[in-house]
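Colleague:
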Amino acid sequence: MRVQSLTLVAASAALLAPTTFPAAPPAPLPDPARILLPGVPDRDVPRHADRSGVRAGPLPRVPAGRPGPAPRVRPDSGTGADGERTEGDAPVRAADLLARVRHCDPVSRGRYRSDAGAPADIPVCGTREAVYWKADLDIDCDGRPGDRCNGRTDPEFSPATAYTESDGRPLDAERLPYVVVPGPSDTWDPGEDHVRGGSLAALVHGDRVRYAVVGDVGPTDLIGEASYAAARSLGIPADPAGGGAASDVTYIVFKDSEVTPVEDTAAAEKAGERLARRFAAGG
Numbered sequence: 054m055r056v057q058s059l060t061l062v063a064a065s066a067a068l069l070a071p072t073t074f075p076a077a078p079p080a081p082l083p084d085p086a087r088i089l090l091p092g093v094p095d096r097d098v099p100r101h102a103d104r105s106g107v108r109a110g111p112l113p114r115v116p117a118g119r120p121g122p123a124p125r126v127r128p129d130s131g132t133g134a135d136g137e138r139t140e141g142d143a144p145v146r147a148a149d150l151l152a153r154v155r156h157c158d159p160v161s162r163g164r165y166r167s168d169a170g171a172p173a174d175i176p177v178c179g180t181r182e183a184v185y186w187k188a189d190l191d192i193d194c195d196g197r198p199g200d201r202c203n204g205r206t207d208p209e210f211s212p213a214t215a216y217t218e219s220d221g222r223p224l225d226a227e228r229l230p231y232v233v234v235p236g237p238s239d240t241w242d243p244g245e246d247h248v249r250g251g252s253l254a255a256l257v258h259g260d261r262v263r264y265a266v267v268g269d270v271g272p273t274d275l276i277g278e279a280s281y282a283a284a285r286s287l288g289i290p291a292d293p294a295g296g297g298a299a300s301d302v303t304y305i306v307f308k309d310s311e312v313t314p315v316e317d318t319a320a321a322e323k324a325g326e327r328l329a330r331r332f333a334a335g336g
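Each residue of the sequence shown is one higher than the one before, counting from 54 in the working numbering.
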């Protein structure tokens, strides 16, 4: 869980022009004061725990906005009429997804920091079908406490998540792969791009592609965070006190998608593979 940055990222007044992804960073803003936790030695790299603001608790369920355009599937994509994998199809490759997000048409009006004190150099990019960004991965252990995620293992642990399971309980970060999106701001409002709790996401790291849901909301100026379970699925160290990946994680969130119930990991994997296949095919 991240501690809210001491300074907010100034949002630009105009949309950024299309550029190669990731774009060259703008001049860095002054770094906020370094945050140190009692009894924790200083580090050269900002702690991942310095990323998350205090969660406001479960958010009210908001009806979906107007549906966006349905993804198209190329006739030679090797999928059935509904985009399902057909017999003999291989899983979607990381290289195919990365090729689709090589360029960035920004949908955010400004850029995000990866950690408190880091430069604001991460845009949120978009197509008709998805939004995406490339960042680090810090471990979100919030939600129902377990053996790995609790107040003893994570000094910034919170028992609440912005979105909840179908029974109203907080999400289980140890078992549910989920990603964290920034809170709505002048920089970017995920809801305007039809991203909400339960939206499907594809995570790419190295040659691995894994699927998750949008499960929590973070600070308005930071980006690049996913659950304990999501990190493990990507082969990333998931220790909430010192795990995570410093860079090279790509987050692709599909517009107007939703897993119901949000905790259904099998449904997320099946639907995620279908949407990723369409997206990689240039749908």
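Here a beta-carbon is modelled for each residue, glycine too, at the ideal position from N, C-alpha and C.
In this structure, how does DSSP classify D239 when only helix, strand and coil are distinguished?
Modeller: coil
Colleague: Could you tell me the distance, in whole angstroms, from the CA atom of C178 to the CA atom of T217?
Modeller: 27 Å
Colleague: Which class does K323 belong to by DSSP, given the choice of helix, strand or coil?
Modeller: Three-state DSSP puts K323 in a helix.
Colleague: Which residues mark the beginning and the end of the beta strand (DSSP E) in which Y304 is found?
Modeller: 298-307
Colleague: Determine the direct distance from the alpha carbon of A215 to that of G251, and round the result to whole angstroms.
Modeller: 11 Å
Colleague: Consult DSSP for A70 and reduce its assignment to one of helix, strand or coil.
Modeller: In this prediction, A70 scores a pLDDT of 41, lower than 50, which makes its location untrustworthy; the coordinate-derived value is nonetheless stated afterwards. In the structure shown, A70 sits in coil (DSSP, three-state: anything other than H, G, I, E or B).
Colleague: For P198, which residues of its own chain have a beta-carbon under 8 Å away from its beta-carbon, when the five flanking residues on both sides are left out?
Modeller: G204, F210, P212
Colleague: If I'm right that I305 touches L150 with Cβ under 8 Å, what's the distance once you round it to whole angstroms?
Modeller: 6 Å
Colleague: Less than 8 Å between C-beta atoms, sequence neighbours within five positions excluded: which residues of the same chain meet that for Y281?
Modeller: I192, D193, C194, R201, C202, A226, E227, A291, P293
Colleague: Express the C-alpha separation of A298 and D260 in angstroms, rounding to a whole number.
Modeller: If I take the Cα positions, the gap works out to 15 Å.
Colleague: Looking at the strands, I want to know which residues DSSP matches up with Y264.
Modeller: Answer is A255, bridged to Y264.
Colleague: Note down the Cα distance separating G277 from D142, rounded to an integer number of angstroms.
Modeller: 31 Å
Colleague: Quickly, what does DSSP pair G271 with across the bridge? List them, please.
Modeller: P235
Colleague: Runs of 3 residues minimum, wholly inside the region 161-217: which ones carry the beta strand (DSSP E) assignment?
Modeller: 183-193
Colleague: Under 8 Å between the Cβ atoms of V257 and A147?
Modeller: yes
Colleague: Leaving aside the five residues before and after S286 along the sequence, list all residues of the same chain whose C-beta is less than 6 Å from its C-beta, in chain order.
Modeller: P230, R263
Colleague: Less than 8 Å separating the beta-carbons of A324 and V312?
Modeller: yes
Colleague: For G244, is the classification buried or exposed, using 16 other Cβ atoms within 10 angstroms of its Cβ as the cut-off for buried?
Modeller: exposed
Colleague: How should P237 be labelled, buried or exposed, when 16 other C-beta atoms within 10 angstroms of its C-beta is the threshold for buried?
Modeller: exposed
Colleague: Roughly how many angstroms lie between the CA atoms of R153 and G268, to the nearest whole one?
Modeller: 24 Å
Colleague: Do the CB positions of D189 and S300 come within less than 8 Å of each other?
Modeller: yes
Colleague: Going by Cα to Cα distance, which pick from R181, D246, P172 is closest to S161?
Modeller: D246
Colleague: Suppose contacts are defined by Cβ-Cβ distances below 8 Å. Is P235 in contact with P272 by that definition?
Modeller: yes
Colleague: Can you tell me whether S286 is helix, strand or coil according to DSSP?
Modeller: helix
Colleague: Decide if D220 is buried, meaning its Cβ has at least 16 other Cβ atoms within 10 Å, or exposed.
Modeller: exposed
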